[in-house]
Each structure stands twice: as C-alpha cells, then as structure tokens.
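Residues are numbered in the working numbering as their position in the sequence shown, beginning at 1, plus a constant of 638.
Heads up, the beta-carbon is just placed ideally off N, CA and C, and yes, glycines get one too.
Worksheet for the structure shown next.
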Amino acid sequence: MPYYPADYVTVQAATSTTFTAPPQDGSFIFPDWIDWHIERSHDHPYAVLVGENEGEENVSMTWGEVARAVYRLAAKFRQVVPDKQIAGKPPVIGILVNTDTLAYVTILMAIVRAGFTAFPLSVRNSIPALEHLINKTDCQYIVGSIPAKGFQSSALQETTSMLLQKLPSLTLIDAPRYSTLYPRLAQLPPAPYDPSSDKRITASLPSVRSFATYANYTPNTPLWILHSSGSTSFPKPIPIAHRVWLSWGRTVWYGDVDVCGSTWATMTLPIFHVMGVAVTVGFPICSGSVALMFKPSDPPKPPTPDRVLATAKRAKADYMLTVPSFCVEWAEDLDAVRFLATMKGVLYGGGPLPQEKGDYLVASGVNIAIAYGSTEVGIMFKLVAKEPLAGTEWSYSPFSSDVSNMMVSDANGLYKLVVRDTDKHGICVSTEPGAFDTNDLLEPHPTKPGYWKIIGRADDQIMMSNGEKTNPGPIENIINSNIYVRAAVMFGRARTQVGLIVEPVETVSIKTEEDLANFRNLIWPDIEKANAFAPQHSRIFKEFILVSGTKKKPLIRTAKGTVSRNACLQQYEQEIEAIYAAAELPTKAVWAQPPTTWDEPALYEFVIRVVNGVMRSDKKDVPAVDENRDLFEQGCDSLQATYIRAAITNALRDAPKPEGKSDIAAVSVPQNLVFAFPSIRRLAAYMMKSVGGLGAENDAAADTAAAIEAMLGMIDKHTRDFPIHRPGTRSIDGEVVLITGTTGTLGTYLLQE
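Pasting the structure below:
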C-alpha cells in the first residue's frame, strides 16, 4: 500500500478504532499529519497527564484537543511573525522555556504548523552559547519570558533578558502557560473535554504549503533545528529536514510490535533532545503511541527517579524510556525492580548501563534494551524487539532494518559505525558523501550474527605516551556500577599511566583525608574488578584516583545528563597535573639519582638503592630487600613497581648511547619491567644489557641459563609441599573424557561425539 513505509516490518494501528496512521510514503509532511489527526484520529489519546497523588484522576488529552490548541497558537505566531522567508528559508523561532511537557510540545508543533522552523534550545546553555546558536541559524524570534516588575525572576528569565540586550534584532514572543493553551486545565480537577465548544473557538488553518514561507519547499527544507551538547566547544545547530524527520518517525514500523495505544513513560527526557522529541512527538503522531506526562505545574517539578517511577506506576506504563543513572538507582530498590519487571520494556539511552546492574535487572525479569541513536542520524538499533537477548547478553542489539550501515574494522575486534543516507532512513550530517561516521566503536556478538554491543567512542580512546591505547568505556562502566559512585571518567592521554576522576553520590560526605581514604576503600572492590578486566597498561592505582567535589565542583554534564568527558578533563586539568607531578616525585628523591658511572658495580648499587628507596623508605627496623628473591614476595605492589620502573627509565635517559643506537629508555623499557625482571639482580642485569654492555659483555647463554634456573626454582618452591594424591574408588562406569582449553561449539561437539 502506498501509505506504508517501504519494506516495513510491523503495521502500526492495525486494529485501532481510534487512530488512523497517516501516510508514510512522503506524500504528506509533518504539519499535514496534524491536520490528518484532527480529522481522522480526533478521539485517540495523544498524551495522559498523570496525577501526583494516589487516587488523583489522570487526564487524557486527545489528538482533537491537542491539535486545536496547536491551531490557535499557530495563528497567534502568524500574527507576530511575517509570512515571508528569511534567506530563502522559513523563519526560525527559538524556544527557550522551562515549562511542562504538554505546553512545550504544543509550542513546538504550533511553530511548524504556522509554517516556521522550530529551534528548541537547552536551558542549560550559557549566554555565549545561546548567542552563537541564534546567530548561526539567523534566528530572529524566540519564545520565552523575561522578569516582570514586582515579581521574583528566575535564572532563565534573567538569561533571556540579557540575551535580548546582546541581540537587539531578536524579538521576544511571550511563552504561553498551559492554562492558556488548555483552558480546562486551569481548574483542578479539570472539566471533561468538550470537543464541540473547542471547535467553535478554533479557526481552521490553510495548508502549510500555501504559506509564503513554504514557497520554496523541498523535502530537504528544515522542519526544526536541534543542537549538539557542545561538550568541547560551542554547541552546533543541526537542521532536521522534513524527509529525515518523516523517516525517523517511521522507526517503530521496523520494530516487532504494534505500539499504537501503548503508554510510554518518557518524563526523564527533555524535548530539546532528539530522543525526547522523537518519542514524545514523533512516535505518537506517526504510530499512535501515547505519551505519559506529569500533570502541569507552575513552575514545573524536576523529574527525579522516585517521581518518574511513581508516575509510571500510577499510569500502569507499558514502556519506560530513561537514562542509565535512573536504572542504576532503581536497581537498588526491590519494589522498583518488581514494578519494572511488569512492563513490556525498559529502554535506556544517552550513555552506558553498567553490565552488573543490567545483569541484575534482567535476572529479576526486567526486559532491558538500549535506545541507541544520535542527533545526526536518529535511532539506529531496533527499538522494540519481541525477543531481545536474555541473560548477560542483554547489551547486544540488532540494527533497525531501515538503517543502512557500514562497519569499519578498527582494532581489538571492534568496528566503527558509519551510517548511510537513504530514503528509508535519512541523516542530518555527512562526514563523507552520503554517510556519517559516528565515531562509535561496536563489538559483534561472538556467536549471533547481526547483534552488536556499544563499547565506546573512537575519539574517547586514551592514546598513551608508550603507544598503548585505553578504551575507557568498559572500565568506567564497571566502576559506575558501585553504589557510591555517581560518575567515573578516566584520563591519561600522553601519559604512561591512566587515572580516574570519581564523582561520589550525594550521600557521601568527604571533608577530611580520612573520609577520602575511606571512600577509596569503598569503591576499591569495583576498581579491582575493572583492573581484572582491563589490559595491564590500563590498570588504575589508588594514588591515581581523583575524587571530584560533588557540590563545589560537580562534573560537567550534557543536556542528556551524561558526563561530558572532554569538558570534565579540562575542568580538572590542574588536579590531574598535580596527580602526575606527585607520581613523579619518587624519581626526584635522593635514592633515585642516576649513577655517575655505568659499569656493572655502579648499576648494581643503583638498583639496590632504588628498590630499597621505594620499598623501605617509610619503614624502620626492616631488613633490606633481598637481592635474589622475588620483589613481590617481599611486599612490592603494583604502584611501587611503577615507581621502580620510573626511576630506572629516568636513569637510562642519562645513560651514554651505544654507538649507532637510539635512546633505549625512549623505545625499549617495557611497561611491565618489574614484573618481567622481579628481583634486584635481574633488574641490574637488564640495565647492563640496556646500556649496550658498557663494562660487561651481554651473554645470551647466561641469560637463558639464569632464566631456566629461575623457573626451576619456582617450580621447586611451589610444588614442594604438594599432598600425596590418593585416588578414590571409581564412581562411574565407562570412559571418562577430559577436555581442557576449549569453549563453545567445538567443546560441546566433542563432548557429544
């Protein structure tokens, strides 16, 4: 049928008697869909306003009521903004308001129905960032409010007032209150909706394509503009063309479920973010899903985990779309988990959900899935799947079948995602002709083709000075599962050692050094888990943990509420430098001064001095380190090994270079030096070999003999006290086959055969 999207998977509203899906073939554009529903889906609920208290009646807002409010407001916008193009495009109207969701989406839809381009602006933006966005988009009108005489002003009103002073060409359009848009909501409980009287006070509007602002309309005309988070510089405006938005609205048609009539708790998501506007506006208008909203209040109350969950409970929500931090908090509440397990799906987006928390929720019966997308390319994973992967594989998902993607091989078995621009799924930004490089790194499922797991971003990888790379995502993910951690960010670019910024949860108070030490001990078990997972060069030591000031200097976050990595690293640049400066202090100690001569006795004496300086400098009445024994058996830990390596590397930089050879300290000192040569004698031998045999000849045979002797000594030590094996009586008949070193299909096949 021509009304349906190409190659769709599931028809939406197939059995609905109140909702008629609008044409999906591009013959209608978004403003036309509003007209379509006022005629054909008048009685279908667009949203439900959920009461705050038990027993308080919920209020259903039908498409008829919402569309007429949109018409009335659109007519007012057309009285203020001239019906003419600016630079060959419809005028741009910014939205800078802190209002309830119902009023916000009404403003948004009214702007586009009036023939203009809507530009939702994050209320978290600074004044310079707002100036930049407005100038970049030729925005000459803004919906907002300024301080009124005799009334206390809000911070946002002050910001708007200063913005208008800085930009004299910007015209303010007063933001309407919800009770103006929907008069029956002015009283509680509200009166029943009367469609007849509502129709009498609402004038019809001509088709949007008859307006002068749409004289040059093409499918690439911008419907609205969103903006990036601006984590590294000013936020960037991203125009969303009509053809792109229509393709994104069709996303659920490529899922496995007819979502018409299902209720979606999306109160966590701001409408100025792509996921918020997609699920709160796009899906309801395209597929008939119903948005759950808080009842309007003035000023609006913030969405806390408790409030969102309580609202979803009272509304008996089918689906929840939220941020990972809310899922982490709910995982600590057994009642919350029990309720989440009754829902059809709990989707999270905007960042990673710690594997441990997801494992627990899935084991408790919660149907967890990731809503993976971006402002540049829309939603990429299948949003609603009948049978998502169970158990610990919940973090793998398939791509939506409307998305055309290329997986570019990266390193360590990971792939970088590139999304193509097609008629079925459009994109807003191209980094190469007809495609967008997301910079996201994904890992394929080891045995299920087509399922992928998001690992992190290619530009988040920490490039270390020794040539190693650290992928921080999975490591941070493990640490973020700790109940005392609000957020964790790794650092270490151009260093030989990585570190970690940790933001404690608000209930943790750190005022003294003792409090700090106690907090590090609280989170250390999960850091040990992360270290066990991480490659050796990516392991974290306690001395490289930086605890952020939760109140005085909280980590900078994006509009989505996720931590802005680059901004945080800049924010804590001085503290990070101080940590590395402190770590280098051991190389400046008296015992770490390089030898003055480079013969064998001098190098041996130097290593003795360094090892004892590191391991014994703070201990009295303790014998010197045994020169022949393993250092780790004598109490050396990983951080001390780092200090010993640093001192030896520093000394080797001063060593005379063998003729024709490069600086051995810069190219050949292994990261695991002390682990590979774990005694004073072996470290001294390593130094002698490194300086090219100055004072002694390298003897490969002697090295081999020494290594063999060390291995035999270790075998003797660890097998000396083995108990005598006394086999028991054979308990089963038949042959017994022991298979070692294999997993998966091969192992099960051998066992079966």
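Margin query: Helix, strand or coil, according to DSSP, for L1290 in the structure here?
Written below: What you label residue 1290 is simply residue 652 of the sequence shown in a count that begins at 1. The answer is helix: DSSP assigns L1290 an H, G or I state.
Next item on the list: Leaving out five residues on either side along the sequence, give the residues of the same chain with a beta carbon under 6 Å from the beta carbon of A1285.
Entry: For the purposes of this step, residue 1285 is identified with residue 647 of the sequence shown, where counting begins at 1. Once the five neighbours on either side are set aside, the close Cβ partners of A1285 are T1225, A1230, V1248.
Check: Which value, in whole angstroms, describes the spacing of the CA atoms of L864 and V1000?
Finding: Taking the first residue of the sequence shown as 1, we reach residue 864 at position 226. Taking the first residue of the sequence shown as 1, we reach residue 1000 at position 362. Rounded to whole angstroms, L864 to V1000 spans 34 Å at the Cα level.
Margin query: Quick check on the burial criterion: 16 or more other C-beta atoms within 10 angstroms. Buried or exposed for Q803?
Written below: Here residue 803 is taken as the residue at index 165 of the sequence shown, counted from 1. Burial call: exposed.
Next item on the list: Jot down the residue ranges of each uninterrupted beta strand (DSSP E) in the stretch 863-917, minimum 3 residues, whole runs only, in chain order.
Entry: With a minimum length of 3 residues, the continuous beta strand (DSSP E) runs that stay inside the stretch 863-917 are 875-879, 901-903.
Next item on the list: Determine the contact status of G987 and Y957, defining contact as a CB-CB distance below 8 Å.
Entry: Taking the first residue of the sequence shown as 1, we reach residue 987 at position 349. Taking the first residue of the sequence shown as 1, we reach residue 957 at position 319. No; because the gap between Cβ atoms is not below 8 Å, this pair is not in contact.
Notebook entry, point to check: Looking at C-alpha atoms only, which residue of A705, P877, L930, E1166 is the closest neighbour of I676?
Noted result: What you label residue 676 is simply residue 38 of the sequence shown in a count that begins at 1. The residue with the shortest Cα to Cα distance from I676 is A705.
Checklist line | 4-residue-minimum alpha helix (DSSP H) runs that sit fully inside the stretch 988-1016, ordered along the chain | finding: Unbroken alpha helix (DSSP H) runs of no fewer than 4 residues, entirely contained in the stretch 988-1016, are found at 993-1001, following chain order.
Next item on the list: Check each candidate in R881, E1211, V846 and name the one with the smallest Cα separation from P728.
Entry: On the sequence shown, residue 728 is found 90 positions in, with the first residue counted as 1. Among R881, E1211, V846, the Cα nearest to that of P728 belongs to V846.
Checklist line | For T653 and N1050, the rounded distance between their alpha carbons | finding: For the purposes of this step, residue 1050 is taken as residue 412 along the sequence shown, with counting starting at 1. For the purposes of this step, residue 653 is taken as residue 15 along the sequence shown, with counting starting at 1. Going by the C-alpha atoms only, they are around 48 Å apart.
Next item on the list: List the DSSP bridge partners of R1058.
Entry: For this step, residue 1058 is matched to residue 420 along the sequence shown. Paired residue(s): A1073.
Note to self: Can you tell me where the beta strand (DSSP E) holding D1094 begins and where it ends?
What the structure shows: Position 456 of the sequence shown, counted from the start, is the residue given in the question as residue 1094. At residue 1094 the sequence reads Gly, which differs from the Asp that was named. Here the beta strand (DSSP E) through G1094 covers 1089-1095.
Note to self: By the three-class DSSP mapping on this structure, what secondary structure does D944 have?
What the structure shows: Walking along the sequence shown from the start, residue 944 turns up at place 306. Here D944 carries a helix assignment [DSSP, helix/strand/coil].
Next item on the list: Under 7 Å Cβ to Cβ from N1169, same chain only, skipping five residues before and after it: list those, please.
Entry: In the sequence shown, the residue the question calls residue 1169 occupies position 531. These residues qualify, in order along the chain: R1177, I1178.
Notebook entry, point to check: To the nearest angstrom, how far is it from the Cα of R1319 to the Cα of S1068?
Noted result: As a position in the sequence shown, residue 1319 is number 681, starting the count at 1. As a position in the sequence shown, residue 1068 is number 430, starting the count at 1. Their backbone Cα atoms lie some 59 Å apart in a straight line.
Next item on the list: Can you say whether M1101 is buried or exposed, counting buried as having 16 or more other CB atoms within 10 angstroms of its CB?
Entry: As a first step, residue 1101 must be located in the sequence shown, where it is residue number 463. By the 16-neighbour rule on beta-carbons within 10 angstroms, M1101 is exposed.
Next item on the list: Use the C-beta contact count for R976: other C-beta atoms within 10 angstroms, 16 or more gives buried, fewer gives exposed.
Entry: On the sequence shown, position 338 is the one that residue 976 refers to. Exposed, because fewer than 16 other Cβ atoms sit within 10 Å of the Cβ of R976.
Next item on the list: Thinking P1395 and Y641 are a contact (beta carbons under 8 Å), I'd like their distance in whole angstroms, please.
Entry: Because the chain spans 639 through 1391 in this model, residue 1395 falls outside it and cannot be assessed.
Next item on the list: Could you please give the first and the last residue of the uninterrupted beta strand (DSSP E) stretch that includes T960?
Entry: On the sequence shown, residue 960 is found 322 positions in, with the first residue counted as 1. Where T960 is concerned, the enclosing beta strand (DSSP E) stretches over 957-960.
Margin query: Could you tell me the alpha carbon to alpha carbon distance between D1153 and G1187, rounded to whole angstroms?
Written below: For the purposes of this step, residue 1153 is identified with residue 515 of the sequence shown, where counting begins at 1. For the purposes of this step, residue 1187 is identified with residue 549 of the sequence shown, where counting begins at 1. The straight-line gap from Cα to Cα measures roughly 13 Å.
Next item on the list: Compute the beta-carbon to beta-carbon distance between Y1122 and V1143, rounded to the nearest angstrom, for a pair I have assumed lies under 8 Å.
Entry: Position 484 of the sequence shown, counted from the start, is the residue given in the question as residue 1122. Position 505 of the sequence shown, counted from the start, is the residue given in the question as residue 1143. Between V1143 and Y1122 the Cβ distance is about 6 Å, and since that is below 8 Å, they are a contact.
Next item on the list: Could you please give me the residues that DSSP links to L687 through a beta bridge?
Entry: In the sequence shown, counting from the first residue as 1, residue 687 sits at position 49. Beta-bridge pairing links L687 to V697, M931.
Next item on the list: Taking all protein chains shown into account, decide if G782 is buried (16 or more other Cβ within 10 angstroms of its Cβ) or exposed.
Entry: Along the sequence shown, one-based indexing puts residue 782 at 144. Around the beta-carbon of G782, 16 or more other beta-carbon atoms lie within 10 Å, marking it buried.
Margin query: Quick check on I745: does DSSP put it in helix, strand or coil?
Written below: As a working note, residue 745 is residue 107 in the sequence shown. Here I745 sits in helix by DSSP.
Margin query: I733 and L759 - do their beta-carbons sit closer together than 8 Å?
Written below: Mapped onto the sequence shown, residue 759 falls at position 121. Mapped onto the sequence shown, residue 733 falls at position 95. Between L759 and I733, the CB-CB gap stays under 8 Å.
Note to self: Between which residues of its own chain and P833 is the CB-CB distance below 6 Å, once the five residues before and five after are set aside?
What the structure shows: Counting from one through the sequence shown, the residue named residue 833 turns up at place 195. The answer, listed in chain order, is G702.
Check: What's the gap between the Cα of V1329 and the Cα of R1291?
Finding: If you number the sequence shown from 1, residue 1329 lands on position 691. If you number the sequence shown from 1, residue 1291 lands on position 653. If you take the alpha carbons of V1329 and R1291, they lie about 10 Å apart.
Margin query: Does Y1034 come out as helix, strand or coil in the three-state DSSP assignment?
Written below: Position 396 of the sequence shown holds residue 1034. In the structure shown, Y1034 sits in coil (DSSP, three-state: anything other than H, G, I, E or B).
Checklist line | Integer-rounded CB distance, given that P1316 should sit under 8 Å from F1244 | finding: Along the sequence shown, read from residue 1 onward, the residue named residue 1244 stands at position 606. Along the sequence shown, read from residue 1 onward, the residue named residue 1316 stands at position 678. The pair is not a contact, with the Cβ atoms about 17 Å apart (cut-off 8 Å).
Item checked: Length-filtered (4 minimum) alpha helix (DSSP H) runs lying within the stretch 1129-1197 -> For the stretch 1129-1197, whole alpha helix (DSSP H) runs of length 4 or above, ordered along the chain, are 1151-1171.
Next item on the list: Quick one: residues in its chain with C-beta nearer than 6 Å to the C-beta of D1040, no 5 flanking neighbours on either side, listed in chain order?
Entry: What you label residue 1040 is simply residue 402 of the sequence shown in a count that begins at 1. Once the five neighbours on either side are set aside, the close Cβ partners of D1040 are Y892, K1062, H1063.
Margin query: So, at 7 Å on beta carbons, what are the nonlocal neighbours of Y855 in its own chain, with the 5 sequence-adjacent residues on each side left out?
Written below: Working through the sequence shown from its first residue, we reach residue 855 at position 217. Hits under 7 Å: R847.
Margin query: Please state whether the Cβ-Cβ distance between V961 and G1199 is less than 8 Å.
Written below: Looking up residue 961 in the sequence shown gives position 323. Looking up residue 1199 in the sequence shown gives position 561. Going by C-beta atoms, V961 is nearer than 8 Å to G1199.
Margin query: Contact defined as beta carbons within less than 8 Å: I believe V708 pairs with A748. What is the distance between those atoms, to the nearest angstrom?
Written below: Locating residue 708 in the sequence shown gives position 70, counting from the first residue. Locating residue 748 in the sequence shown gives position 110, counting from the first residue. Sure, about 5 Å apart at Cβ, within 8 Å.
Check: With respect to the beta strand (DSSP E) encompassing Y855, which residues constitute its N-terminal and C-terminal limits?
Finding: Counting from 1 along the sequence shown, the entry for residue 855 is found at position 217. No beta strand (DSSP E) contains Y855, which DSSP labels as neither H nor E.
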